[in-house]
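Engineer:
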Amino acid sequence: MLSLAIPNVGGSSEVVGENKQSLEERRQDKESKLEKKLLAIRKRSKCFCPCPLNIPLQTKSLKNAGKFPCSEEELQDIRDLFSSLESFRQQLAQLFFYTPPLNLGWEDFLKFFQAFEKRELGGILFSAGPFESFDKYLYQVNRVRAVPLLGATTVSYALQAYYSYAHRVPFQEKEDFFRLGEAVGVFLKQRKVSITLIYKEILDLDDKKYSELCRGLQQSQIVQGEVFHSLVQEREGLNPISVNYDLMGTIAALSANIDRSYLRFSGSHIFHDDEAAIETLHKGGDVFTFSSLAEFQFSEKRLLHLVDTGRVCPEIIRKKLIKVLLLKKKELFMSPLL
Numbered sequence: 001m002l003s004l005a006i007p008n009v010g011g012s013s014e015v016v017g018e019n020k021q022s023l024e025e026r027r028q029d030k031e032s033k034l035e036k037k038l039l040a041i042r043k044r045s046k047c048f049c050p051c052p053l054n055i056p057l058q059t060k061s062l063k064n065a066g067k068f069p070c071s072e073e074e075l076q077d078i079r080d081l082f083s084s085l086e087s088f089r090q091q092l093a094q095l096f097f098y099t100p101p102l103n104l105g106w107e108d109f110l111k112f113f114q115a116f117e118k119r120e121l122g123g124i125l126f127s128a129g130p131f132e133s134f135d136k137y138l139y140q141v142n143r144v145r146a147v148p149l150l151g152a153t154t155v156s157y158a159l160q161a162y163y164s165y166a167h168r169v170p171f172q173e174k175e176d177f178f179r180l181g182e183a184v185g186v187f188l189k190q191r192k193v194s195i196t197l198i199y200k201e202i203l204d205l206d207d208k209k210y211s212e213l214c215r216g217l218q219q220s221q222i223v224q225g226e227v228f229h230s231l232v233q234e235r236e237g238l239n240p241i242s243v244n245y246d247l248m249g250t251i252a253a254l255s256a257n258i259d260r261s262y263l264r265f266s267g268s269h270i271f272h273d274d275e276a277a278i279e280t281l282h283k284g285g286d287v288f289t290f291s292s293l294a295e296f297q298f299s300e301k302r303l304l305h306l307v308d309t310g311r312v313c314p315e316i317i318r319k320k321l322i323k324v325l326l327l328k329k330k331e332l333f334m335s336p337l338l
């Protein structure tokens, strides 16, 4: 085997010296790169948690550090519901509530449910039609669904249903509107309706009476539905960063500071304007209403596009999802239908 010609073969000692120097330079270069990587990691860590957490060492104080609104058992239940949603698209669907059109008949209502038999959905917002029939059917549907649908009504529709059930005339003389709100709330809870949409739609009541009515509803632990508008102030500190070590940790982190006493609704029309949709999602809008399958499919597609293109952080969506699942978990343990 022929040997390869090596330049400067006579200066072998110089070559050895150069090789040693080259090895030393490579080692230093490697260490320098490693140090830069470590520095970059430290910088990213600062972005994740800009302020150091002051965790007290005393046992009594430690129990109150980093409060979550969920117990360990609740987190487990939410994890089970979360795990049953097999795709991100199914998670997105939890943010949508079907609002039946005012002239919707019973047969059309059944057709809608047949179309959504194998689809995920957040819930149904009732505002007209035969309340008892709708509600009993929804109860039967939820018995066979892994993730139940939330039942919601407007305040005026809830009042109409209650008056019909109680066989009494509306707004009696010297009516105690707080007690009336409590009675309506109990009526709704017994029928597994957990949300009332409040937007001063009852023109016969002044602000004070309407406020007392809504206060009574809240006293009975009915979730307050609100109509989202761009001037609204965010009630909770939205932290879009999740703990990615495990699902339970992620759910615990996302559930921090969630106020389960209210849910903000917005119409799906906002998805015709990307900027309006982004503003709604970032300013505290929770869920979206739709009245047709085509409207739902368009809105879901646009929301998925906003997430895929990075214009909306997935963790913002999942934080809203956790809020909906918290309400659904609560509904699973509400009083049975009478």
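Sequence positions in the sequence shown follow the UniProt record's numbering and run 1 to 338. All C-beta atoms in this analysis are idealised placements derived from N, C-alpha and C, irrespective of residue type, glycine included.
#1: When DSSP labels each residue in this structure, what does SER133 get in the three-state scheme?
#2: Leaving out five residues before and five after ALA158 in sequence, what residues of the same chain have Cβ atoms less than 7 Å from its Cβ?
#3: Any contact between the stretch 161 to 170 and the stretch 87 to 99? By contact I mean 3 or more CB pairs, one from each, below 8 Å.
#4: Who are the Cβ neighbours of ALA128 in its own chain at under 6 Å, not counting the five residues just before and after it?
#5: Is LEU121 close to chain B, meaning its C-beta is less than 8 Å from at least one C-beta of that chain?
#6: Sorted by chain position, which residues of the same chain lie with C-beta nearer than 6 Å to TYR262's C-beta, five sequence neighbours on each side aside?
#7: Look up ARG89 in the DSSP assignment and give the residues it is bridged to.
#8: On a CA-only basis, which of LEU293, LEU304, HIS305 and SER268 is nearest residue 350? Give me that one, please.
#9: Going by other Cβ atoms of all chains shown within 10 Å of its Cβ, with 16 needed for buried, is THR280 buried or exposed?
#10: Can at least three beta-carbon pairs, one atom from the stretch 139 to 147 and one from the stretch 210 to 220, be found at a separation below 8 Å?
#11: Would you mind sorting VAL169 into buried or exposed? The rule is 16 or more other CB atoms within 10 Å of its CB.
#12: Name the residue from LYS192, VAL324, PHE228 and VAL186 whose alpha carbon lies nearest to the alpha carbon of TYR199.
#13: Does DSSP put GLN172 in a helix, a strand or coil?
#14: In whole angstroms, what separates the C-alpha of GLN172 from that of GLN114?
#15: Would you tell me roughly how many angstroms separate the C-alpha atoms of ILE317 and SER22, rounded to the nearest one?
#16: Per DSSP, ILE198 forms a beta bridge with which residues?
#17: Is SER266 helix, strand or coil by DSSP?
#18: Whole angstroms is fine: what's the gap from LEU326's alpha carbon to GLN94's?
#19: Throw me the rounded Cβ distance for the ASP286 and LYS329 pair, which I believe falls under 8 Å.
#20: Per DSSP, what are the beta-bridge partners of THR289 in this structure?
#21: With a threshold of 16 other CB atoms inside 10 Å of the CB of LYS111, please say whether the residue is buried or exposed.
#22: Span of the beta strand (DSSP E) holding GLY216?
#23: Could you compute how far the alpha carbon of SER133 sits from the alpha carbon of GLU107?
#24: What's the gap between the Cα of ASP77 and the Cα of LEU121?
#25: Thinking C-beta only, is ASP176 closer than 8 Å to GLY151?
#26: Whole angstroms are fine: how far does the CA of SER220 sit from the CA of LYS174?
#27: By the 10 Å Cβ neighbour count, where 16 or more other Cβ atoms means buried, how is GLY105 classified, buried or exposed?
#28: Does the beta-carbon of SER156 have 16 or more other beta-carbons within 10 angstroms, so that it is buried, or is it exposed?
#29: Identify the residues that DSSP records as bridge partners of THR154: which are they?
#30: Could you give the DSSP three-state label for PHE126: helix, strand or coil?
#31: So, with DSSP's three-state summary, where would you put LEU305?
#32: Return helix, strand or coil for ASN142, following the three-state DSSP convention.
#33: Would you mind sorting LYS319 into buried or exposed? The rule is 16 or more other CB atoms within 10 Å of its CB.
Structural biologist: Considering the structure as presented:
#1: helix
#2: VAL184, LEU188 and THR196
#3: no
#4: LEU102
#5: Note that chain B does not occur in the displayed structure, where there is just one protein chain.
#6: GLN224 and GLU226
#7: Note: ARG89 sits in no beta bridge, so no partner.
#8: In this structure the chain extends from 1 to 338, so residue 350 is not present and cannot be described.
#9: buried
#10: no
#11: exposed
#12: PHE228
#13: coil
#14: 41 Å
#15: 53 Å
#16: GLU226
#17: strand
#18: 12 Å
#19: That belief does not hold up - the Cβ atoms of ASP286 and LYS329 are roughly 16 Å apart, past 8 Å.
#20: PHE97 and GLY267
#21: exposed
#22: Counting along the chain, GLY216 falls outside any beta strand (DSSP E), though it belongs to the alpha helix (DSSP H) covering 207 to 219.
#23: 12 Å
#24: 18 Å
#25: no
#26: 21 Å
#27: exposed
#28: buried
#29: LEU197
#30: strand
#31: Sequence check: residue 305 is His here, not Leu. Helix, per DSSP.
#32: helix
#33: buried
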